[in-house]
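Presented below is the structure to which this report refers.
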């Protein structure tokens, strides 16, 4: 059985989900508004914040992405934490 | 301004077997009225946006109708 | 290529062990207006749609896969620890004898997913109008699911998914405006 996640995990995850949701919304908006300078600036700033949160998250809990977009510890820890539909 | 729900009264016949629902409703969410989203609309905070399902209050569509106490059938 | 990110788009919670709800929710997993149909429809239309709106179809297709994962999570959690007796009592004994607890791409009535649920006409206006209709139909399905579900946590997730249909419909409507535009002058109302 994969390890249990502490309450802090859910809190950190939700902070990331909130920022990444803003990114999804701005991204779809910019797909039809490609000259909105302010929205592009907000997109880039939010992307930076999201990346910072993910660096912290990965240090505390587990790698988020496969195929080399995240680093692994030893032993290989990309699949030793519960999956999103399990937590 | 527009409303997000419309209400109508269907015909009630004397031989309808079920207890009539006198007022029926349907949803008319904001995208039907916006045509092309203007730039610079007010935004929710990231946490509020995640809970609402959109970044922009003007695109937020509650369901069921909060004016009707959340009862979808009025 | 595609990368997987080990998180859901939205925090999905389920309050009660209620396999009956899973029977209904599977409509949005493998049904005509479900998330699989949406993801595959846009993913396939993107190859031949005019360049101006490829990005939009590509990005909405990606998001639909995240929604498919959310619906799957709800179904998985609702049935995970249900006994065979509970599965039968919930009206999904027929699913159980064929699939055990495995998810499968079929609708609430057990009809398997088929490519004839989606279309790619090659005509950008026809395709985008289909996409708008698909978003409105999915929104309606979420409404009827919310109406019959009494699980407050499931309804929270369903309201999020319904709102995403509203936003996607908005973007596809804008895509039509972009493609029909005469002087590169978008009209804001």
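Residue numbers (UniProt numbering), protein chains in the order written: chain L, 1 to 87; chain C, 1 to 74; chain E, 1 to 189. Where a beta carbon is used, it is the ideal one built from N, C-alpha and C, also for glycine.
Closer than 9 angstroms by beta-carbon distance: list the chain L residues that pair up with residue i, in chain order.
i, result
"residue 72 of chain E", "85"
Tell me whether residue i sits in a helix, a strand or coil according to DSSP, three-state version.
i, result
"residue 182 of chain E", "coil"
"residue 46 of chain C", "helix"
"residue 112 of chain E", "strand"
"residue 17 of chain L", "helix"
"residue 99 of chain E", "helix"
"residue 106 of chain E", "strand"
"residue 5 of chain L", "coil"
"residue 65 of chain L", "strand"
"residue 73 of chain C", "In this prediction, residue 73 of chain C has a pLDDT of 49, which is less than 50 and means its spatial position is unreliable; nothing more can be read from the coordinates."
"residue 177 of chain E", "helix"
Can you pull the chain E residues whose beta carbon is under 7 angstroms from the beta carbon of residue i, in chain order?
i, result
"residue 67 of chain C", "Ordered by position in chain E, no residue passes the 7 angstroms Cβ test against residue 67 of chain C, which lies about 16 angstroms from the chain."
Over the uninterrupted alpha helix (DSSP H) stretch that includes residue i, give me the two end residues.
i, result
"residue 65 of chain E", "51–79"
"residue 144 of chain E", "124–148"
"residue 117 of chain E", "Premise fails: residue 117 of chain E is in no alpha helix (DSSP H) and is neither H nor E."
"residue 38 of chain L", "37–60"
"residue 45 of chain E", "35–45"
"residue 31 of chain C", "31–34"
"residue 28 of chain E", "27–30"
"residue 87 of chain E", "84–89"
Given that residue i touches chain E, what residues does it touch there, using C-beta distances under 8 angstroms?
i, result
"residue 17 of chain L", "7, 8, 9, 10, 11"
Which residues in chain L sit within 8 angstroms of residue i, going by Cβ to Cβ distance?
i, result
"residue 54 of chain C", "25"
"residue 55 of chain E", "31"
List the residues of chain C whose Cβ lies closer than 8 angstroms to the Cβ of residue i, in chain order.
i, result
"residue 47 of chain L", "In chain order: nothing, as chain C lies at least about 13 angstroms away."
"residue 31 of chain L", "Within 8 angstroms Cβ-Cβ: nothing; residue 31 of chain L doesn't reach chain C, min ~12 angstroms."
"residue 159 of chain L", "For chain L, the structure presents residues 1 to 87; residue 159 of chain L sits outside this window and is missing."
What residue does the beta strand (DSSP E) around residue i start on, and which one ends it?
i, result
"residue 5 of chain C", "5–8"
"residue 80 of chain C", "Here chain C comprises residues numbered 1 to 74, so residue 80 of chain C is not present and cannot be evaluated."
Could you give the C-beta distance for residue i and residue j, rounded to a whole number, given that I count them as a contact under 8 angstroms?
i, j, result
"residue 53 of chain L", "residue 19 of chain L", "6 angstroms"
"residue 8 of chain E", "residue 69 of chain E", "6 angstroms"
"residue 12 of chain E", "residue 73 of chain E", "5 angstroms"
"residue 64 of chain L", "residue 5 of chain E", "5 angstroms"
"residue 37 of chain C", "residue 174 of chain E", "7 angstroms"
"residue 57 of chain L", "residue 16 of chain L", "6 angstroms"
"residue 124 of chain E", "residue 49 of chain E", "5 angstroms"
Residues of chain E with CB closer than 9 angstroms to the CB of residue i, please, in chain order.
i, result
"residue 66 of chain L", "3, 4, 5, 6"
Quick one: list the residues of chain C neighbouring residue i, beta-carbon separation under 9 angstroms, in chain order.
i, result
"residue 160 of chain E", "50, 51, 52, 53"
What residues from chain L crowd round residue i, counting only those whose CB sits closer than 7 angstroms?
i, result
"residue 76 of chain E", "85"
Closer than 7 angstroms by beta-carbon distance: list the chain C residues that pair up with residue i, in chain order.
i, result
"residue 55 of chain L", "Correct list: empty, because the minimum Cβ distance to chain C is about 18 angstroms."
At least three beta-carbon pairs within less than 8 angstroms, the stretch 33–40 of chain L to the stretch 54–71 of chain C: no
contact_flag[the stretch 139–149 of chain E, the stretch 9–16 of chain E] where n(CB pairs < 8 angstroms) is 3 or more: no
Three-pair Cβ contact test at 8 angstroms for the stretch 117–130 of chain E versus the stretch 45–58 of chain E: yes
Meets three-Cβ-pair contact criterion under 8 angstroms: the stretch 42–51 of chain L and the stretch 64–84 of chain L: no
The stretch 44–59 of chain C in contact with the stretch 14–23 of chain C per 3-pair CB rule at 8 angstroms: no
At least 3 beta-carbon pairs within less than 8 angstroms: the stretch 18–30 of chain E vs the stretch 101–118 of chain E: yes
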